[in-house]
Every structure is written in C-alpha cells, then in structure tokens.
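Trainee: I have a structure I would like to understand better, so I am pasting it below and will then ask my questions one at a time.
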Amino acid sequence: MVREQYLTTTPGTSLERPKNEYIYKIGIYGWRKRCLYLFVLLLLIILVVNFSLTIWILKVMWFSPTGMGHLRVTKEGLRLEGESEFLFPLYAKEIHSRVDSSLLLQSTHNVTVNARNSNGEVTGRLNVGPKMVEFHSQQFQINSKDGKPLFTVDENEVVIGTDKLRVTGPEGALFEHSVETPLVKAEAFKQLRLESPTRSLSMDAPRGINIKAQAGNIEALSQMDIKLHSSDGVLLLDAETVRLPKLPEGARGGSGISQGLYEICVCPDGKLYLSVAGVGSTCQEYSRVCQTC
54 MVREQYLTTT
64 PGTSLERPKN
74 EYIYKIGIYG
84 WRKRCLYLFV
94 LLLLIILVVN
104 FSLTIWILKV
114 MWFSPTGMGH
124 LRVTKEGLRL
134 EGESEFLFPL
144 YAKEIHSRVD
154 SSLLLQSTHN
164 VTVNARNSNG
174 EVTGRLNVGP
184 KMVEFHSQQF
194 QINSKDGKPL
204 FTVDENEVVI
214 GTDKLRVTGP
224 EGALFEHSVE
234 TPLVKAEAFK
244 QLRLESPTRS
254 LSMDAPRGIN
264 IKAQAGNIEA
274 LSQMDIKLHS
284 SDGVLLLDAE
294 TVRLPKLPEG
304 ARGGSGISQG
314 LYEICVCPDG
324 KLYLSVAGVG
334 STCQEYSRVC
344 QTC
C-alpha cells in the first residue's frame, strides 16, 4: 500500500514536500492491454459477421416490407405465389387461386380436408386417396355456376337436378331398387332396352304409360308372363294389323267358308286360341285347347 503523508503549514512558510520512495502508474499495461485489444477486435469481427449473415438471410429469404419470399401480406390475407410445401396441418378460413390459374392440392399419399365446429369436432371430411375419394358428412351437394343444385346426396335420397341424365356406358345403368323418372329415352339411332335378368320388371304410372318407338319395333320378352293391367280404363291396341302368330288353333266349330280367316277365342281362364272363322262364332266354351294345360 502507498503511504501518504499530510503536512499542515501556515501561510508564509514554505516546506519542502518529502519525496515518495515508491511511485505506481495508474492504467492497463503489458499483456493485459494486449488481451483487451484482442477481445475488442474479436467482438468487432463477430459483429461484422453477424451483420453480414443477417443481410444474407434477408437476401436469400426475400424479406420485404410486404412479406417474405413468395408470401405477401395483403388486406384480404396472405397471398402465396408459386408452389409451396406444408409439413404440418394448415388452418385457413378460405383458400382460392388466382383469377388466371387453377388451384392444385398435391400429396404423395392423400389429401384430406376437414371442417370442424367450435368444439373442434370434425363435421365434414373430404379424403382424396390414390384409389378412392371419400366424403363424410350429413349431405353432399354439387351446384352449378348460377347456384342451381345439380347433385345432392343425403341419408334418405339422391337428387340429380340436371335436365338430362346421360349414361354412356356399354352396359347401361344398373338399379338395384326402384327408379322414379318421368322419361326414359335412348340416344338418337340407339336402342332402348329395359331388362331384369333374374326378377320381374314392373312399370307403374297413375295416369298411364306411353311406350313409343318412332323408327323401329317394340318388343316385350319374358320367360313367364307379361301382364298389361289397367285399374280404371280399357286396354287399347290401335294398329293396322295385330298379329298373334303363336296362338294354338282349335277345331272347326261350325259350317261355312273361312276364306283363310280366323277368330280369336277366349277360354274361361283367360287363355286365347285361334279358331277357323265361319259364318257364325266358332268359339267353344269347352274347347280342347281350353282344357289342356
């Protein structure tokens, strides 16, 4: 320690101040000074490197006052240009593409879109996979450009709202249950065929059934019975010629010249047969044809 001496003198007297034997210099000298300068230089180098890296990151990531890279922040929301990859779920209220381009959602496995309620429960799900497109919801609806429902599916029914349903498959359309429609029509120059391979085919209408072929024949083929029934009205066959080529022929029932004419007879059980026409009726109630099975 440095010992300091304090001397008091009176005005007018002069005393010589004793010389200090030990004098210490105040400051940093020697190797401490060199280490301090080296440390300050190292801090400056780190500061310059950090500043350069910051500028480089801003340059590479395309940071700007409006966003980052292809991502722009607008008043309507976020606008993303080009292709982007999301590694985690994306939550958004609305996603739409530009006016002059389409929106593409692509994945190596599948694309799943979920709709949730306020409690976080999934109320609707659309899953597009490599082999199947699945939709889970209470109702599925496709609308036209003007808002008209074109296709609606729920638990009870399927509604097709188009003016014309066209089936272009070579095997036609297969319906396991009943079909309700006001019109069934084939394409131009194509045949219309209604077929039930293993069961019966029934057509019901409260105000009548109209079967019309403008250019061609109408054929009704059945392995068992064909029934034409009218609950309130008559069955009318309006044609120039009505032919029943496979009706059995009965025996001559009376005298007269037939001139190649035949008479259609009806058995009590409703069976029809042909009888050679005569002057009077040749139908017999107990004909051989009526008694044969």
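For the sequence shown, the working numbering gives the first residue as 54, with consecutive numbering after it.
By construction, the Cβ of each residue, glycine as well, lies at the ideal position given by its N, Cα and C atoms.
1) Label THR393 either buried or exposed according to how many other C-beta atoms from any shown protein chain fall within 10 Å of its C-beta, with 16 as the threshold for buried.
2) Does the count of Cβ pairs from the stretch 203-218 and the stretch 169-185 closer than 8 Å reach three?
3) Quick one: is CYS368 buried, meaning 16 or more other Cβ sit within 10 Å of its Cβ, or exposed?
4) Would you decide whether ALA226 is buried or exposed? Buried here means 16 or more other CB atoms lie within 10 Å of its CB.
5) Give me, in chain order, the residues of the same chain whose beta-carbon lies closer than 8 Å to that of ASN170; leave out the 5 immediate sequence neighbours on both sides.
6) Suppose you measure from the CA of ASP291 to the CA of LYS299; what does that come to, to the nearest Å?
7) Closer than 8 Å by C-beta to ALA273: which residues in its own chain qualify, once you throw out the five before and the five after it? Chain order, please.
8) Check whether the Cβ atoms of VAL126 and GLY135 lie closer than 8 Å to each other.
9) Cα-Cα, which of ASP322, SER334, VAL332 is closest to VAL342?
10) If you compare alpha carbons, which of GLU293, LYS146, VAL186, TYR82 is closest to HIS162?
11) Whose C-beta lies closer than 6 Å to the C-beta of PHE25 among residues of the same chain, with five residues either side of it excluded?
12) Taking THR335 as part of the beta strand (DSSP E), name the residues at either end of that continuous run.
13) Express the C-alpha separation of THR221 and GLU229 in angstroms, rounding to a whole number.
14) By alpha-carbon positions, which one of LYS201, VAL164, GLN244 ends up nearest to LEU140?
15) Mind listing, in chain order, the continuous beta strand (DSSP E) runs of no fewer than 3 residues lying wholly within the stretch 163-236?
16) Using only the alpha-carbon positions, how far apart do LEU245 and ASN263 sit?
17) I need the straight-line Cα distance from PHE188 to ILE195, nearest angstrom please.
18) Given a cut-off of 8 Å on the beta-carbon distance, is the pair ILE81 and LEU91 in contact?
19) Counting only the same chain and skipping the five closest in sequence on each side, list residues whose C-beta sits under 8 Å from that of LYS324.
20) Pull up the CB-CB distance for ASN111 and LEU124, whole angstroms please, since I reckon it's below 8 Å.
21) Using the C-alpha atoms, what's the distance from THR345 back to THR294?
22) Name the residue from PRO301, LEU143, LYS238 whose alpha carbon lies nearest to the alpha carbon of ASN167.
23) Give me the Cβ distance between GLY214 and LYS201, rounded to the nearest whole Å; I'm assuming they're in contact under 8 Å.
Mentor: With the structure as the only source:
1) Here the chain covers residues 54 to 346 and nothing more, so residue 393 does not appear.
2) Cβ pair count under 8 Å is below three, so no.
3) Lying before the first or after the last residue shown, residue 368 is absent from the chain, which here runs from 54 to 346.
4) Result: exposed.
5) If we look at ASN170 and ignore the five residues flanking it on each side, its Cβ neighbours are THR176.
6) Between ASP291 and LYS299, the C-alpha separation is close to 20 Å.
7) A distance below 8 Å between beta-carbons, with the five flanking residues on each side excluded, links ALA273 to the following residues of its chain, in chain order: ILE279.
8) Their beta carbons are not under 8 Å apart, which means VAL126 does not touch GLY135 by this criterion.
9) It is ASP322 whose Cα lies nearest to the Cα of VAL342.
10) VAL186 is the residue among GLU293, LYS146, VAL186, TYR82 whose C-alpha sits nearest the C-alpha of HIS162.
11) Coverage of the chain is limited to positions 54 through 346, which leaves residue 25 absent and any answer about it impossible.
12) THR335 -> no beta strand (DSSP E), and no H or E assigned at all.
13) GLU229 and THR221: Cα-Cα distance of roughly 19 Å.
14) The residue from LYS201, VAL164, GLN244 with its alpha-carbon nearest to that of LEU140 is VAL164.
15) For the stretch 163-236, whole beta strand (DSSP E) runs of length 3 or above, ordered along the chain, are 164-169, 175-181, 186-189, 192-196, 202-207, 211-213.
16) One Cα belongs to LEU245, the other to ASN263, and the distance between them is close to 14 Å.
17) Roughly 13 Å separates the two Cα atoms.
18) No.
19) Within the same chain, LYS324 has close Cβ partners VAL342, CYS343.
20) As written in the sequence, residue 111 is Leu, which differs from the Asn given in the question. So it is not a contact: roughly 14 Å between Cβ atoms.
21) Roughly 29 Å between the two C-alpha positions.
22) It is LEU143.
23) With a contact defined as Cβ atoms closer than 8 Å, GLY214 and LYS201 qualify at about 6 Å.
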